[in-house]
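Engineer: The structure follows.
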Amino acid sequence: MSNLRWQPIATLLLSVYGLGASIYLTITHFQPKALACVSNSTFNCEKVTQSPQSEIFGIPVAMLGLVFFVPMLLLCLPAAWRAADRRIHLARIGLAVTGVGMIVYLIIAELFIIKAICLWCSSVHIATFLLFVIITTASPIVLAPGYGTADEALADSVPS
Amino acid sequence: MADNVQNPGTGGNKPKPTGSGGGQSAKDQSRAASRPVAAKGAGGGKGGNTPRPGRPAAPSGGPKNSQRGVFLAWGAVAVVIIVIAVLFIVKATSTSTQDLSYTPVTAAPAQVVKDVTTVPLSTWNKVGVTSQIPVTKPTVIPGQPPMTLNGKSPAMLYYGAEYCPYCAAERWAMTTALARFGTWSNLQITASSHTDVDAKTSTFSFHGASLDSPYITFQGVEQYTNIPVSGSPNQYTNLQNPTKQEASILTKYSSSKFLPNASTSGGISFPFVDINNSVLFSGASYDPQILANLSWTDISSGLSDPTNPVTQAILATGNYMSAAICQASKGQPGSVCTSSGVQAAAKALGISAS
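Top to bottom, those sequences are chains A and B.
Our numbering numbers the first residue of the first sequence as 1 and each following residue consecutively.
Our numbering numbers the first residue of the second sequence as 1001 and each following residue consecutively.
Structure (structure tokens):
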């Protein structure tokens, strides 16, 4: 973990923010009046959250955000970052890649189909993108052979 | 690391054999490199900063694989950044070349705000309710309970839409009249629909604007933007819904019970202005046609000229509104409510403004 000093806490904070924003956007999807957002010709959260593109196969995109951020938050807990089980790190990377793929689609929808930008959604996109950057660039470390083993943890606990 | 387990009790600070790089893992080398080399007490010149002997190199060939992984990771990040950047560039390029089908809402120029909020009292008084352009008197409905909005009374409610040309005309009068009773903030300019009648009428938007007044609580609701829905040129995107309390007021006072010319289908005509449930303005008080081809600056800069027909229409309507607000505020502030222009409007409406 010597090269992962800030990544766990940064990803955890981003996941907490993303989860909170997704909860808010899910609520406002069903109660548009509760949405507090700038509205002008460029930014219009309500237009985005009430658009046909705000649902995929009948599931609100905001709710998909919840489905994304709940496991992401768990996978970004410090204990998960320290885990020796490669599957946990692969799952985190896979989820991050899925998330960034989703935001590329949503950016296309906002810019070219809905023609309005939702600031709340954009903040979630930024959080997701930063998660992707941090998790991807940390992947060579966490996927390295021997990462997260008991002796590694002990080495990290050694004062220098 | 295994070597640490094999050397119990050594701790991190115990001097260790200065191993060559070959026996260290990349992690150990990184750790050693990142530590400041400084004397840390006894135990040899290198003290705790000496890299620990590492475990044998990973069987997968460590550094090369690790380097490839780093390149792949940053490559993936770069690809995503490029894709997103391209999307925004394409969007920016296409927007700059297309003709906007609506006038965006933008911050009002300071001079425009100054002109509409500081109309000289002498101009108000000279105009009174006299206008070369016909101005429709509002409807007075006596005997109704005062309006309460968000727990505050007296209150004034405006209901309109950014696309609506009649609202565009009415907003000029409302903005100037309300500026006599308080301070506007976040006033923004826009124009009515580009395809409706009286297209592109210059105006303000009350969406996001607020009036700070000790005399009246003002709430403006812009139900729709002036942005046409794709494929439906006569429909506009939703902007702001009235609250339950506002909807209740609108439903009650826009009915034919209070407005003889109200729609019998139950719809509310834009604009609708209710001043403390005592004076109602339904539709434009004057023809928006008179504002055709006039910019915001053209209109606002003329507001100090009482002979300007546009100014007369705006200020005559504004005096009616002022008189109604004065009735609600029980004559406060006196400097406005006792002015000859407001008194003339109050007399014409048969109400008391002081």
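Beta carbons are placed, not taken as given, at the ideal position from N, Cα and C, and that holds for glycine.
Is residue 1244 of chain B helix, strand or coil by DSSP?
Structural biologist: If DSSP states are grouped into helix, strand and coil, residue 1244 of chain B belongs with the helices.
Engineer: What's the C-alpha gap between residue 1255 of chain B and residue 1216 of chain B?
Structural biologist: Their Cα atoms are separated by approximately 24 Å.
Engineer: With 16 as the cutoff for other CB atoms within 10 Å, does residue 1124 of chain B come out buried or exposed?
Structural biologist: So residue 1124 of chain B counts as buried.
Engineer: Which same chain residues, not among the five before or five after residue 78 of chain A, have their C-beta less than 8 Å away from its C-beta?
Structural biologist: Hits under 8 Å: 8, 9 and 12.
Engineer: Using a 10 Å radius around the Cβ and a threshold of 16 neighbouring Cβ atoms, would you call residue 105 of chain A buried or exposed?
Structural biologist: That one is exposed.
Engineer: If contact is defined by three or more beta carbon pairs under 8 Å, each pair taking one atom from either stretch, is the region 1144-1163 of chain B in contact with the region 1127-1135 of chain B?
Structural biologist: Because the criterion of three Cβ pairs below 8 Å is not met, the region 1127-1135 of chain B and the region 1144-1163 of chain B do not touch.
Engineer: Counting only beta-carbon separations shorter than 7 Å, does residue 1080 of chain B have a partner in chain A?
Structural biologist: Residue 1080 of chain B counts as touching chain A.
Engineer: In chain order, what residues of the same chain lie with their CB nearer than 6 Å to the CB of residue 1300 of chain B, ignoring the 5 residues before and after it?
Structural biologist: So the list reads 1112, 1115 and 1116, once near-sequence residues are dropped.
Engineer: Using a Cβ-Cβ distance cut-off of 7 Å, determine whether residue 1149 of chain B contacts chain A.
Structural biologist: With 7 Å as the cut-off, residue 1149 of chain B does not count as an interface residue toward chain A.
Engineer: Please tell me whether residue 1269 of chain B and residue 1282 of chain B are closer than 7 Å, where the distance is taken between their beta carbons.
Structural biologist: Taking 7 Å as the Cβ cut-off, residue 1269 of chain B and residue 1282 of chain B qualify as a contacting pair.
Engineer: Using DSSP's beta-bridge definition, name the partner residues of residue 67 of chain A.
Structural biologist: Answer by DSSP bridge pairing: none, since residue 67 of chain A is not bridged.
Engineer: Using beta-carbon positions only, say whether residue 1311 of chain B and residue 1303 of chain B come within less than 7 Å of one another.
Structural biologist: Yes, the Cβ-Cβ distance between residue 1311 of chain B and residue 1303 of chain B is below 7 Å.
Engineer: Output yes or no for whether 7 Å exceeds the beta carbon distance between residue 1146 of chain B and residue 1276 of chain B.
Structural biologist: In this structure, residue 1276 of chain B lies closer than 7 Å to residue 1146 of chain B by Cβ.
Engineer: Return helix, strand or coil for residue 1157 of chain B, following the three-state DSSP convention.
Structural biologist: Looking at residue 1157 of chain B - three-state DSSP - the assignment turns out to be strand.
Engineer: When you compare the region 110-120 of chain A with the region 94-101 of chain A, are there three or more beta-carbon pairs, one atom per stretch, that lie closer than 8 Å?
Structural biologist: Short answer: they don't touch.
Engineer: Restricting to Cα atoms, I'd like to know which of A:110, A:144, A:125 and A:68 is closest to residue 53 of chain A.
Structural biologist: Taking only the C-alpha atoms, the option nearest residue 53 of chain A is A:110.
Engineer: Got a sec, what are the start and stop residues for the beta strand (DSSP E) residue 1219 of chain B sits in?
Structural biologist: Residues 1217-1222.
Engineer: Exposed or buried, residue 44 of chain A, counting other C-beta atoms within 10 Å across all chains shown (16 or more means buried)?
Structural biologist: Flag for residue 44 of chain A reads buried.
Engineer: Do we get a CB-CB distance below 7 Å when we pair residue 1237 of chain B with the residues of chain A?
Structural biologist: It does; some Cβ of chain A falls within 7 Å.
Engineer: Exposed or buried, what is residue 65 of chain A when buried is set at 16 or more other beta-carbons lying within 10 Å of its beta-carbon?
Structural biologist: The residue is buried, with at least 16 neighbouring Cβ atoms inside 10 Å.
Engineer: Return yes when the Cβ of residue 14 of chain A is within less than 7 Å of the Cβ of residue 130 of chain A, no when it is not.
Structural biologist: Yes, Cβ-Cβ distance for residue 130 of chain A and residue 14 of chain A is below 7 Å.
Engineer: For residue 60 of chain A, which beta-bridge partners are listed by DSSP?
Structural biologist: For residue 60 of chain A, which the question treats as bridged, DSSP gives the partners A:55.
Engineer: Can you tell me whether residue 1082 of chain B is buried or exposed, with buried defined as 16 or more other CB within 10 angstroms of its CB?
Structural biologist: Exposed, by the Cβ-count rule.
Engineer: What does residue 1089 of chain B reach in chain A if we use C-beta pairs closer than 9 Å?
Structural biologist: In chain order: nothing, as chain A lies at least about 11 Å away.
Engineer: In this structure, does DSSP put residue 1132 of chain B in helix, strand or coil?
Structural biologist: Residue state, collapsed to three classes: coil.
Engineer: Could you name the residues of chain A that residue 1069 of chain B contacts, counting a contact when the two beta carbons are closer than 9 Å?
Structural biologist: Within chain A, the residues near residue 1069 of chain B are 139, 140, 141, 143 and 144.
Engineer: Between residue 1066 of chain B and chain A, is there a C-beta pair that is closer than 7 Å?
Structural biologist: For residue 1066 of chain B, the answer is yes, since a Cβ of chain A falls inside 7 Å of its Cβ.
Engineer: Within the region 66-140 of chain A, note down every full alpha helix (DSSP H) run reaching 4 residues or more, in order along the chain.
Structural biologist: Correct list: 78-82 and 86-108.
Engineer: CB-CB under 7 Å to residue 1198 of chain B, same chain, minus the five flanking residues each way: which ones, in chain order?
Structural biologist: Correct list, in chain order: 1165, 1192, 1288, 1289 and 1292.
Engineer: Looking at the secondary structure, which residues open and close the beta strand (DSSP E) in which residue 1188 of chain B lies?
Structural biologist: Looking at the DSSP string, the run of the beta strand (DSSP E) that includes residue 1188 of chain B is 1188-1191.
Engineer: If you reduce the DSSP assignment to three classes, tell me which class residue 1236 of chain B lands in.
Structural biologist: Strand.
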